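Quick notes on the structure that follows.
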Amino acid sequence: MNKQEYNALIAKIDYHMDLYYNQDRTEISDYDYDKLMSQLKKIEKEHPEWITADSPTQKIGGVPKREAGIKVTHDVPMLSIEDVFTKDDVVKWVDKIHNTIPDCLFSVETKIDGLSMTLRYEKDSNGKLKLVLAETRGDGFIGEDVTANAMVIPDVKKIIDLPYDSIQLRGEVYMAHEDFEAFNQQQEALGKKMAANPRNLAAGTLRQLDTSITKERRLKMFIFNVQVGPNELTDSHVAGLDLLSKHGVPVVYHRLCKTSEEIIEAIDAIGGMREDLPYDIDGAVVKIDNMSLREQFPSSSKYASGHIAYKYPPEEKIVEIDNIIVDVGRTGKLTFTAEFHDPETLKPVKLCGTNVSKATLHNQDYIADMHIGIGGRYKLFKSGEIIPKLNGCVREPREVYSAPATCPKCGHALIREEDSADIRCLNTSCPAQISRTLSYFTSINAMNIIGLGEKNIDGLIDSGYIHSFVDLYKLHDFRDELIEKKVIGKEKNTDKVLAAIEASKTNNPVQLLTGLGIRNVGRNTAKALLDHYDSITDLLSVSIDELTNINDIGETTAQYIYDFFHDAENVALVQELKECGLNMDVEHDFGMMNKLDGLKFVVTGTLPTLDRKEAIALIEKNGGKCVGSVSRKTDFLLAGENAGSKLDKAVSLNIRIIDEGELFRMIK
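Sequential numbering from 1 applies to the sequence shown in UniProt numbering.
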C-alpha cells in the first residue's frame, strides 16, 4: 500500500468514526470497522514514519458536543481499549505480562456497547459521597457536562455511603433491549423514524437537553473502572468493584483470573451469555487487576494501559424464509422484505439480543443472485441497521422469487427502468404512493408538520379526506367530523394537527420545494434552485439548459425538474397550493447573500463558538456550499480543534485553511 492509499484508508475510518462517536449512527458493522482498523494498524507497523497524532490509531473518535452542556476537561483521560480478534493474541498479551510479573492477576469483564461516562463524587456535609459532575468521553481528554441527564438515570447513584473525600467512577450508559424495542414500537405507531440500535439511541438521549426525555427512555449504567480513588478501591480492581456493589453501585460483570487458561474460559463464558443478556455487549475486556501496575504496559496515546478487549465475531443465525412482502415507495419503487423464522424453534430469531423476523432484500437482482425464495435457508447477520441482512444461501428454496408483473397495491402494470435494478409502478394514483408521498411532504426534512405521521395520514386517506397535498390545507373545513370520528385523535390532538398544518403555510419555500417529492431533488438541490430563482412559480417556465447551468444539477436531475413543472397536473397543483396561502417566494437577504457565492467549503474539527450545523448554515446563507470531503475542487477548509485527516489532505492539496474568525471576516 502506498501513502495515497494509506491516507484514503484514514479518511474512510475517520468518516465512520465521526458517524459513530459524533452523529450516533453507523453505516457499517462493528466487525467491518474493526477490519479497517486492523488493516491500518498493520500498515502503520510496516511504515511507522507515516503515523501522525491524527491517525485513528492515535486518537479517540468523539468530539465534544454543545447540545447537552459545557465542555469538561477530564482529570483522568477517558481512553479507548485496544482490540484483539483471536484468543492467541489474548494469550500472547497475558504471557508478556506474566514474564514481567509472574503472579499478576486479571479481571475479565463484559464490554457493554453503550456510551462512556465518568461520575465525580465529593464528600458532602454528612460525610457521604455526593454526585457533583457527570461527563461524557468526547475526544478522550475533553467531554461534555451531562450532569442533569445523569441525575435522572436510576442506576446512577446520587449518594454513596463511603468515607472518602472524593472518587471518580467510569462506566457505560446503555439501553436495555426491552426499553429499546418499546421505544421503536412507539415510534412506529406514531409514524416516526425508528432508532437503528440501542447504542445510538442511548448516546443521543444522554446528549440532548430535555431531562424529561432522558428519564422517559430509561437509560441504565454499569461502572467498570475507578478513575480516581483510594487504595482500598484500586489495589485490587475486582475488590474495588465488589465494594462499590455492596454499597448499591451497579458494576459490570467481572471475574478474577490468574492464568491464560482461566482468562480464555471467562471469555468463552461471556460469549455464551451474549444471547441471553438483556443488553448489547461487543466483547470481553481483560485488564490488570492492580491498577498501579497497568502503567508498566502502555500501548499508545489512544489506548488505556494494561487493558485489551477481545472482540467476538459478528453473530450469525440460520433462518428459513416464510414470505416475501412487496411494498411501494413514494416514487413508485418496489421494495422487498423477507419474513423468516428460526428453523429449530419455529419462532422469530434472537439476534444481538433482540427478536427479529424480517430482513431487507434490495432488489430483484439481489434476490436472484442470492437465490432467495420461500423455503430457502440463509445466514442472517445484523450490523448497525434496524433490519438485519441475509448473507449467503445454505439451503436452496423451492424456487427463486420473481417480482410480480403488476403493482400489489393498485394492480397497475410495473416496469423495470433501463440501466437499473429498480422496478416501479407508474400509476400516480396508487394509494401506497399517495401515502408515502404525503408522509414525505409532512416529514421533518420537508414541511415538518408535527403530529401528521404515517399512521394519521393513512387514516385520513382511508376515510377519504385527503388524496393530495392541497387536501391537507382544506382539512380545517372538516374539523368537527374529524373529531367526531377520531380520525387523528380527540379534540385536543386534532386541533394541534390542524394548527401545525396552518403554521406550515409560512415555511421557507425550500421546505415546500423539497416536500413536492421531485426525483433527485432533496433539500440541498431545492436550496440551490431557489438561490437562483425568486419563487417556486418561476420554475414553471424554466428550461433544461437553464437548470443545467446551476451548480450540481446534472442533466438527469434537470430533466426530472423540467418534467415535473411542465406536467399539467403539477402546474395545477402549484397554483392550488399558492391559492391555499403557502409561501412560494424567496426572501433574499441582499445584505448577507452571495459573499461566498460559488465557493466550496469543508468544515472539520471543533470551532470556538459555532457548532457544525451553525457553521454550515452561515456559509450557505452567504451563498457558499458545504461538502463532506476535501478534494481539488474545495476552495476553503474551515478548521477547528482536532481537525484530523481532512486538515492533512487540505495541506497536501494546497487548499486554503481558515479559522472561525476568518470566516466571520469574509462575510462581514
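Cβ coordinates follow ideal geometry from the N, Cα and C atoms, glycine included. Note that the structure is predicted; figures quoted are calculated from it, not measured.
| Item | Value |
| --- | --- |
| CA nearest to the CA of A150, picked from V285, I213, I667 | I213 |
| Environment of residue 673 [buried if 16+ CB atoms lie within 10 Å] | Look at the range of the chain in this structure, 1 to 668, and you will see that residue 673 is not part of it. |
| Extent of the continuous alpha helix (DSSP H) to which D369 belongs | 364-369 |
| Sequence-distant residues of the same chain with beta carbon closer than 6 Å to R643, five excluded per side | For clarity, residue 643 is Ala in the given sequence; the question names Arg instead. Counting only Cβ-Cβ distances below 6 Å, and skipping sequence neighbours, we find T604, G605. |
| Helix, strand or coil at T57 according to DSSP, with G and I counted as helix | coil |
| Contact check, residue 725 vs D113, beta carbons under 8 Å | Outside the shown range of the chain (1 to 668) lies residue 725, about which nothing can therefore be said. |
| Any beta strand (DSSP E) of 3 or more consecutive residues that is wholly inside the segment 188-240 | 220-228 |
| Every unbroken alpha helix (DSSP H) within the segment 545-608, with a cutoff of 4 residues, ordered by chain | 555-565, 568-579 |
| Continuous alpha helix (DSSP H) stretch holding H98: start and end | 87-100 |
| N-terminal and C-terminal residue of the alpha helix (DSSP H) that Q296 is part of | Here Q296 belongs to no alpha helix (DSSP H), and DSSP marks it neither H nor E. |
| Identity of the residues DSSP links to H74 by a beta bridge | DSSP, once it has assigned bridges, lists no residue as partnering H74. |
| CA-to-CA distance, S29 to D103, given in whole angstroms | 38 Å |
| Spatially closest choice to D462 from I372, A432, I318, K474, by CA coordinates | A432 |
| Three or more C-beta pairs below 8 Å linking the segment 481-488 and the segment 526-543 | no |
| Local conformation of R665 per DSSP, three classes | helix |
| Delimiting residues of the alpha helix (DSSP H) encompassing R484 | Going by the sequence as given, residue 484 is Glu instead of Arg. Where E484 is concerned, the enclosing alpha helix (DSSP H) stretches over 479-485. |
| Cα-Cα separation between L133 and Y174, rounded to whole angstroms | 19 Å |
| Selection from D161, L513, K111 that minimises the alpha carbon distance to S125 | D161 |
| Range of the contiguous alpha helix (DSSP H) that encloses D282 | Careful: D282 lies outside any alpha helix (DSSP H), inside the beta strand (DSSP E) at 281-288. |
| A68 in three-state terms, based on DSSP | At A68, the pLDDT of 42 sits below 50, so the modelled position is not reliable and the matter cannot be decided from this model. |
| Stretch pair the segment 496-505 + the segment 517-527: three plus CB contacts closer than 8 Å | no |
| Rounded straight-line distance, which links the Cα of S468 to that of Q559 | 23 Å |
| Sufficient close CB pairs (3 or more, under 8 Å) joining the segment 314-326 to the segment 258-273 | no |
| 8 Å contact criterion, which S38 and F85 should meet: CB distance rounded | 7 Å |
| Nearest-angstrom beta carbon gap, V627 and L637 [assumed within contact, 8 Å] | In fact, because the Cβ distance is near 11 Å, the residues do not count as touching under 8 Å. |
| Beta-carbon spacing of D145, I70 below 8 Å | yes |
| Outcome for F590 when other beta-carbon atoms lying within 10 angstroms are tallied against a minimum of 16 | Only weak support is given to the placement of F590: the predicted model assigns it a pLDDT of 45, under 50, and the value that follows is read from those uncertain coordinates. Exposed, since its Cβ has fewer than 16 Cβ neighbours within 10 Å. |
| 3 or more residues per run - each beta strand (DSSP E) lying fully within the segment 370-415 | 377-381, 389-395 |
| For N200 and T494, the rounded distance between their alpha carbons | 32 Å |
| Cutoff 7 Å; reference Y121; Cβ partners in own chain excluding five residues on either side | L129, K130, L131, V132, I160, S166, I167 |
| Length-filtered (4 minimum) alpha helix (DSSP H) runs lying within the segment 467-526 | 469-472, 479-485, 491-503, 509-515 |
| Per-residue burial, V252 [other beta carbons within 10 Å of its own, 16 or more giving buried] | buried |
| Cβ neighbours of K111 in the same chain (closer than 7 Å, five flanking residues each side left out) | I281, D282, G283, A284, V285, A309 |
| Three-way DSSP call (helix, strand, coil) for D32 in this model | helix |
| For I288 and K379, believed in contact at Cβ under 8 Å, the rounded distance | At roughly 38 Å, the Cβ-Cβ gap does not stay under 8 Å, so K379 and I288 are not in contact. |
| Spatially closest choice to T234 from R294, L513, V94, A572, by CA coordinates | R294 |
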